[in-house]
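**Q**
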């Protein structure tokens, strides 16, 4: 299967960890319900609770790109604006083995 994998790293401002966690959690269920979503997981770093990682697998690049038009992702973009300590990092990858 040719999956399109996306890893997003986000870091909350001090004291904003619960708000960022909630905002990110709110998009899990709708993302997973997309027919082109293979996997959508949220992780929090044990050693740095301000750091969150989204691990996503999509059917293809177009499926991932289409997600940005969804209302729940647009709402997330507005919500996290004041919660992040720095711009998030997104890595779009292809599985090799």
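Residue numbers (the numbering used here): 132 to 228.
Glycine is no exception: its CB is placed at the ideal position from the N, C-alpha and C atoms.
#1: Nearest by alpha-carbon distance to residue 211: which of 186, 154, 170 and 169 is it?
#2: Once the 5 residues before and after residue 138 are set aside, which same chain residues still bring their CB inside 8 angstroms of it?
#3: Check whether the Cβ atoms of residue 214 and residue 151 lie closer than 8 angstroms to each other.
#4: Jot down the residue ranges of each uninterrupted beta strand (DSSP E) in the segment 140-198, minimum 3 residues, whole runs only, in chain order.
#5: Identify whether residue 135 lies in helix, strand or coil by the three-state DSSP scheme.
#6: Based on the DSSP secondary-structure assignment, which residues constitute the bridge partners of residue 230?
**A** Looking at the atomic coordinates:
#1: Along the chain shown, read from residue 1 onward, the residue named residue 211 stands at position 80. Closest by alpha carbon: 154.
#2: Position 7 of the chain shown, counting from 1, holds the residue named residue 138. Here the set comprises 184, 185, 186, 187, 221, 222 and 224.
#3: Taking the first residue of the chain shown as 1, we reach residue 214 at position 83. Taking the first residue of the chain shown as 1, we reach residue 151 at position 20. Contact flag set, yes.
#4: 168-175 and 182-189
#5: Stepping through the chain shown from its first residue, residue 135 is reached at position 4. DSSP places residue 135 in strand when its eight states are reduced to three.
#6: Since the displayed the chain opens at 132 and closes at 228, residue 230 lies outside it and no answer follows.
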